[in-house]
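Keeping their order, the protein sequence lines are chains A and B.
For the numbering used here, count along the first sequence from 1 and bump the result up by 1.
By the numbering used here, the letter at position 32 of the second sequence is numbered 28, and the numbering carries on one by one without gaps.
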Amino acid sequence: MSDRDPKEEQAIAEAAAYGPMRVILAKVGYDGHDRGVKIVARTLRDAGFEVIYLGLRQTTSDIVSAAQQEDADAVGLSLHNAGHMTLAPRMVEALREAELDIPVVVGGIIPDEDIPQLLDGGVAAILTPGASSDEVVRAMRDAILASNR
Amino acid sequence: MDQEQSRAQSRKRWQTEYDRAKLRDADWETMSGVPVEPIYGNAPYPGQYPYTRGVYASMYRSRLWTMRMFAGFGTAVDTNLRFKDILRNGGGGLSTAFDMPTLMGHDSDHEWSIGEVGKCGVAVDTLADMRDLFADINLGGVSTSMTINGPANIIMAMYIANAEETGTERSRLAGTIQNDLLKEYQAQKEYIFPPRPSMRLVTDLIRFTSTEMPRWHPVSVSGYHIREAGSTAAQELAYTLANGFAYVEAAVAAGIDVDDFAPRLSFFFNSHSDFFEEIGKFRAARRIWATWMRERYGAKDERSLLCRFHTQTAGVSLTAQQPEINIARVAIQAMAGVLGGTQSLHTDAFDEAMALPTEDAARIALRTQQIVAHETGVASVADPLGGSHYVEWMTDEMERRAEAIFAHLDELGGGSILEGVFAGIDNNYFTSEIANAAYRFEQKVNAGRRIIVGVNDFTEGDSEQRDLLRIDRTVEENQLKRLSNVKHDRDNSAVRSALDELVEVAQDSTLNTMPATIKAVQSMATEGEIVEALRGVFGTYVEKATM
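Below, the structure is given as structure tokens:
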């Protein structure tokens, strides 16, 4: 007997039907804190995602073209230097302009009070310090499934 | 001479040193009035080779560690106010944090700088900002630490130019500039040029300070960022000291005598939460440095053997959940740094997991050090844990693990640690080892094998309300205005000729770039313009992305 709730069971089944999910991970701007994004990359990889980590100091147009080339299902942005209110909306906008309908998941140092505005601005999910590997996997999976419904 | 005689001699030598030292005006007794000795146990004593027990005979009885609090945000004028506040509150030294554009060698008006100006530190584009940053502070009377690496020589040039304008000769300037480029490729990732040209610039500053600035520390070899990036304690220890050996080899190869610069190399370590592991690490660092400097690099001057270090509590250990409990973490980590014999200490503020510290939180962090210094009694006795079976074993174990890593790097470099470190950067040895260690730790936390209070256990009691320091958007506007005023008022042909001269000097590796860099900042060339000119000679480093 599983101890998962039915919604979680359903999401896992949907994800299995969806097939391998391809995720682009990147850091934008000057921020060089890559401990978190590397852990997220490995966590997603170990959970069956196909992860393309672009590395540091990517521009939004680097990320858009990688997403197009790799036929990515989602973009994960790691932000630790207080630039999230500028950089995250810029990423959402760049994907929209390129007519790529894929979710942006943001991880990093994001104060609680900034979260509603980021979500309203089109960010699909936000992962903050202390997020467990389960939460990381679930946030990415659910964001991808939701954008395809 | 038998062992007993030799021990007695060590004791006598220690006593002579101790008697010669000037002591603080304090009562050397417990709070209950029990008198305590300055040292317990056996030789070698503090101040004696290999310095496992401390670099000085009298340690904190002579001088407490420097309570050096890192600060910087907004414009130079904003940070100047915080500096004066720190000096008024009994902080003994200034420590400057720069914003990301400054750290990366870009001006505030660079397209990448939008949204980043003044956020994580102070914005410094030109000499005009440096003037405001240290306005009304007597630079001959404080020691200043500047945490900057890629553009370190440019910021150093601005500091020198400003000091001389305000009447302090460069020879009287005391302080430290981080200028540790090797750990940038390994951990912090704030590099500009490729490793070898960076090493040239580091060597230029080492040479310049060894002749012109006897009180300045031209490199602070830093393990702090290596640890924050996820390394283990032993990796932090080994990579840091290996980087130190690499700087020594580079400077010696450039023809500088080891004893002409080694006394002014200093170190910077992390103090994390595993109390005894940290103390063992600090003790091992001193022993390893002394041994290698004497045995391998032939240092003769005793001061070349001393591993003197700054410590900062582990930012990465701070939790966003129940942030007040970080005060307890910081106190324990500060205690480990002090019991490990640090020369200066920065204590993190409890709210730093989410933003730069608020003024209240920064005050509590400084008060935490003052409690350790003045209430706990740990400063009365040097190396109070020396002789503990566990602490001595841990010290040996840290040394063993570090030596295994040195052996690997030495092999990688064909008998040169410098080449081994370059090779380890080129083939991602450091970055992958650090990422592996970080992932292993994270998996343990996820599996509940390691408890982080407030995160994966004991999670009740997290309050929602948080006051965070917010950097006003007007900071960016102000800084852009300041920069455009400087550019408007300066003589552009003087800037161009100063930059041309610098490029010419940079192309000849037998010349020192420092004098031409000072001229360039005096012409009011911006940091970004100087960096761009040097990129033309040195190129730009791009990291291979690996998970």
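All C-beta atoms in this analysis are idealised placements derived from N, C-alpha and C, irrespective of residue type, glycine included.
Min CB distance residue i to chain A below 8 angstroms
i                         : result
leucine 19 of chain B     : no
alanine 153 of chain B    : no
threonine 315 of chain B  : yes
glutamate 497 of chain B  : no
isoleucine 544 of chain B : No answer is possible for residue 544 of chain B: the residues shown for chain B start at -3 and end at 543.
glutamate 456 of chain B  : no
lysine 296 of chain B     : no
methionine 350 of chain B : yes
leucine 464 of chain B    : yes
glutamate 539 of chain B  : yes
asparagine 442 of chain B : yes
glutamine 184 of chain B  : yes
methionine 195 of chain B : no
alanine 67 of chain B     : no
glycine 546 of chain B    : The question about residue 546 of chain B has no answer here: the residues shown for chain B are numbered -3 through 543.
aspartate 453 of chain B  : no
Given residue i as reference, the closest of the options once Cα atoms are compared
i                        : options                                : result
alanine 345 of chain B   : B/Ala330, B/Ala234, B/Thr338, B/Ala369 : B/Ala330
serine 66 of chain A     : A/Gly123, A/Met22, A/Glu98, A/Asp113   : A/Glu98
leucine 544 of chain B   : B/Asp255, B/Gly70, B/Lys477            : This structure does not reach residue 544 of chain B, given that chain B is present from -3 up to 543, and the question cannot be answered.
glycine 444 of chain B   : A/Asp135, A/Leu45, A/Val24             : A/Asp135
glycine 299 of chain B   : B/Leu405, B/Leu261, B/Ser2             : Here residue 299 of chain B turns out to be arginine, not glycine, going by the sequence shown. Of the listed residues, the one whose Cα sits closest to arginine 299 of chain B is B/Leu261.
glutamate 497 of chain B : B/His484, B/Val533, B/Tyr243           : B/Val533
glycine 86 of chain B    : B/His484, B/Thr364, B/Met55            : B/Thr364
arginine 78 of chain B   : B/Ala358, B/Met510, B/Val527, B/Gly383 : B/Ala358
aspartate 379 of chain B : B/Ala39, B/Met27, B/Gly29, B/Asp23     : B/Ala39
threonine 207 of chain B : B/Gln518, B/Thr522, B/Arg49, B/Asn508  : B/Asn508
Beta-ladder partner(s) of residue i, from DSSP
i                            : result
tyrosine 54 of chain A       : A/Leu26
phenylalanine 305 of chain B : B/Phe263
proline 31 of chain B        : B/Glu25
arginine 49 of chain B       : In the DSSP output, where bridge partners are listed per residue, arginine 49 of chain B has none listed.
histidine 213 of chain B     : B/Thr172
glycine 545 of chain B       : With chain B represented from -3 up to 543, any question about residue 545 of chain B goes unanswered, as that position is not in the structure.
glutamine 59 of chain A      : A/Val29
Boundaries (first-last residue) of the beta strand (DSSP E) holding residue i
i                            : result
alanine 126 of chain A       : 126 to 128
phenylalanine 189 of chain B : From DSSP, phenylalanine 189 of chain B is part of no beta strand (DSSP E); its letter is neither H nor E.
isoleucine 526 of chain B    : It is not in any beta strand (DSSP E) - isoleucine 526 of chain B instead sits in the alpha helix (DSSP H) that spans 523 to 534.
tyrosine 173 of chain B      : Looking at the sequence shown, residue 173 of chain B is not tyrosine but isoleucine. 170 to 173 is the span of the beta strand (DSSP E), which, as asked, contains isoleucine 173 of chain B.
histidine 342 of chain B     : 340 to 342
alanine 75 of chain A        : 75 to 80
Test: residue i CB closer than 8 angstroms to a CB of chain B
i                         : result
methionine 2 of chain A   : For methionine 2 of chain A, the predicted model reports a pLDDT of 47, less than 50, meaning its position is unreliable; a value from the coordinates is still stated below. No, no contact with chain B.
aspartate 35 of chain A   : yes
leucine 57 of chain A     : yes
proline 1 of chain A      : With chain A covering 2 to 150 only, the question about residue 1 of chain A has no answer from this structure.
proline 130 of chain A    : yes
lysine 39 of chain A      : yes
glycine 30 of chain A     : yes
proline 117 of chain A    : no
threonine 61 of chain A   : no
tyrosine 54 of chain A    : yes
serine 133 of chain A     : yes
asparagine 149 of chain A : no
arginine 43 of chain A    : yes
Endpoints, alpha helix (DSSP H) assigned at residue i
i                            : result
phenylalanine 402 of chain B : 385 to 408
arginine 3 of chain B        : -1 to 16
phenylalanine 66 of chain B  : Element bounds for phenylalanine 66 of chain B: not the alpha helix (DSSP H) but the beta strand (DSSP E), 62 to 67.
Own chain partners of residue i with C-beta closer than 7 angstroms, once the 5 adjacent residues on each side are dropped
i                            : result
proline 130 of chain A       : Ile110
phenylalanine 426 of chain B : Gln182, Tyr235, Gly420
glutamine 318 of chain B     : Gly450, Gly457, Asp458
proline 210 of chain B       : Ser167
phenylalanine 272 of chain B : Tyr386, Val387, Met390
alanine 351 of chain B       : Leu464, Leu465
Beta-carbon contacts of residue i that lie in its chain and below 6 angstroms, excluding the five residues immediately before and after
i                         : result
glutamine 308 of chain B  : Tyr220, His342
isoleucine 447 of chain B : Asp453
alanine 434 of chain B    : Gly226
glutamine 11 of chain A   : none
glutamine 1 of chain B    : none
proline 31 of chain B     : Glu25
proline 104 of chain A    : Ala75, Ala125, Ala144, Ser148
Contacts around residue i, its chain only, beta-carbon distance under 8 angstroms, and the 5 residues preceding and following it disregarded
i                            : result
glutamate 429 of chain B     : Ser227, Gln231
methionine 2 of chain A      : Because methionine 2 of chain A sits at a pLDDT of 47, beneath the cut-off of 50, its placement in the model cannot be relied upon, and the following sentence gives the value as read from the coordinates. Within the same chain, methionine 2 of chain A has no close Cβ partners at all.
glutamine 69 of chain A      : Ala99, Leu101
phenylalanine 189 of chain B : Gly146, Leu197, Leu530, Arg531, Phe534, Gly535, Thr536, Tyr537
methionine 289 of chain B    : Val244, Val254, Ala258, Ala295, Ser300, Leu301
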